[in-house]
Amino acid sequence: MLRKVVAFKPLTADLRSPNCIRNMTQENQQGRLRLGRNAWLAIIILAVALCGTTAQPAMARGRPVEIADAAIQRDLVYKRINGRALTLDLYCPQKASSPLPVILWIHGGGWSKGRKEQHSPAISFLNDGYAVASIEYRLSGEAPFPAQIEDCKAAVRWLRANAAKYNLDADRIGAWGHSAGGHLSALLGTSGGVQELEGNGDNMSYSSRVQAVRDVSGPADLLRLYHDASDASTGTRPKATSYIDALLGGPAEQNKTKAMAASPITYVSKDDPPFLIIHGENDFSVPASQGELLAAALKATGVETTLEITPQGHSAGGPRFLPIVKAFFDKYLKKSQ
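Residue numbers (this note's numbering): 128 to 464.
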């Protein structure tokens, strides 16, 4: 199926300049995507807050850039469990001369909401020779942890098993997610080889490891996040903690072992893939300290890690960071091509 997609071309200012980052928050951060003349697909670049509501999109002004015709495969079944089919949407640029590196997009929504149709800015990378796979996974209302990471790993294995069919590079798969999706992307990165999180099903002979991770506003230490979010002086528990409870299948305070098992920081080791972590210093859903903790742990073991703290909230990043993101994925997913 061929469709023409229009996304935003980011501005090309020096993104690491403090003035540039400060100015980012002063500009109108909303943007729009236009449909191409023959397109029925509207790609909406949005940020989904951990609490499951849609945060204000971190979109700076830019100009539309037309993306080359894309082959779109919808609702490809990557796993079946308990009579339920889990699917992904696969976007590939046409006329690729060699197997395509893949960016796996994992949506956010507090592990309890969200859909694979919530597209990431990764879609704009079709022009740069990437395939993008946007997956659905079991939400906490359907199954508690580790169902979510088991599904993500199954999707990676499926991509490898079907690489030849869809002209994908099985050795070049990166993960990218925001909020709960950032958490799962980070967990994919740090838990490679952890059999307890692999689950069961098809394609078990294939690796579920990824070669690069972009984690945006994702939790890294669920126990720390849970305790930091709770107000001991008043006994109140903000909504974020209820999502952690739902993910774990019970109160985190009574499921500390499971909370540790669900935390990306638990599995950090020297063989983890490179990480690009972006977090907003004004994030009141998942504090920037979560990104800092993970970055410090990764760096301590020698993992190549880049941490960007922006003066934003939970919807950190935006189009102005796309050149940094592209450079990151190009370095680690295209270095041998």
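Ideal Cβ positions, reconstructed from N, Cα and C, are used throughout, including at glycine.
Only buried fits Asn330, as 16 or more other CB atoms lie within 10 angstroms of its CB. Assignment of beta-bridge partners to Ser224 by DSSP yields no partner. Taken atom to atom, the span from the alpha-carbon of Ile230 to that of Leu217 is near 10 Å.
One thing to note: Tyr257 has its Cβ no nearer than 7 Å to the Cβ of Arg287. Judged by their CB atoms, Asp278 and Leu374 are not nearer to each other than the 7 Å cut-off. Per the coordinates, the alpha-carbon of Thr368 lies some 21 Å from the alpha-carbon of Arg242. Minimum Cα-Cα distance from Ala347 among the listed residues Ser225, Leu420 and Lys292 corresponds to Leu420.
Approximately 20 Å separates the beta-carbon atoms of Ile300 and Gln245; this is outside 8 Å, ruling out the contact.
For Lys243, the secondary structure class from DSSP, reduced to helix, strand or coil, is coil. Apart from the 5 residues on each side of it in sequence, Leu324 sits with its Cβ closer than 6 Å to the Cβ of Pro273, Ile276 and Ser318 in its chain, given in chain order. DSSP places Arg284 within a helical segment (H, G or I) once states are collapsed to three.
Contact check for Leu403 against Arg341 passes: the beta carbons are separated by less than 7 Å. Under DSSP, Ser261 shares a beta bridge with Asp216 and Trp232. Between Trp285 and Lys206 a beta carbon distance of about 7 Å is seen, short of the 8 Å cut, so the two are scored as contacting. Secondary structure of Leu434 (DSSP, three-state): strand. In the DSSP annotation of this structure, Ile451 is not part of any beta strand (DSSP E); the continuous alpha helix (DSSP H) holding it starts and ends at Leu449 to Leu460.
The beta-carbon separation of Ile405 and Phe448, rounded to 7 Å, stays under the 8 Å limit for a contact. Shown here, Lys397 sits in coil according to DSSP, grouped into three states, outside any helix or strand.
In the DSSP assignment, Arg351 falls within the alpha helix (DSSP H) that extends over Leu349 to Ala356. By alpha-carbon distance to Gly376, the top candidate from Trp238, Cys219 and Tyr394 is Trp238. Cβ-Cβ separation between Leu311 and Ile233: approximately 5 Å, consistent with a contact (criterion under 8 Å). Here Gln322 is exposed, its C-beta having fewer than 16 other C-beta atoms within 10 Å. Look at Tyr293 here: in three-state DSSP terms it is helix.
DSSP places Ala379 outside any alpha helix (DSSP H), giving it a letter other than H or E. The beta carbon of Thr384 is closer than 6 Å to none in its chain, skipping five residues each way along the sequence.
A Cβ-Cβ distance of about 7 Å is found for the pair Leu315 and Lys280, placing them in contact under the 8 Å criterion. Counting every other CB atom within 10 Å of its CB across the protein chains shown gives Thr432 a total of 16 or more, marking it as buried. Taking every protein chain shown into account, the CB of Thr437 has 16 or more other CB atoms within 10 angstroms, so this residue is buried.
As a beta-bridge residue in DSSP terms, Trp303 pairs with Trp232 and Arg341. With a 10 Å radius around the Cβ and a threshold of 16 neighbouring Cβ atoms, Arg211 comes out exposed. Non-local beta-carbon contacts of Asp399 in its own chain, meaning distances under 6 Å to residues more than five positions away in sequence, involve Gly316, Thr317 and Val430 in chain order.
Closest by C-alpha distance to Leu434, out of Gln221, Pro220 and Ser416, is Ser416.
By the 16-neighbour rule on beta-carbons within 10 angstroms, Asn382 is buried. With fewer than 16 neighbouring CB atoms inside 10 Å of its own CB, Ser224 falls in the exposed class. When secondary structure is reduced to three states using DSSP, Tyr370 falls in the helix class.
By the criterion of a C-beta distance shorter than 8 Å, Phe411 is surrounded in its chain by Gly440 and His441, once the five residues flanking it on both sides are discounted.
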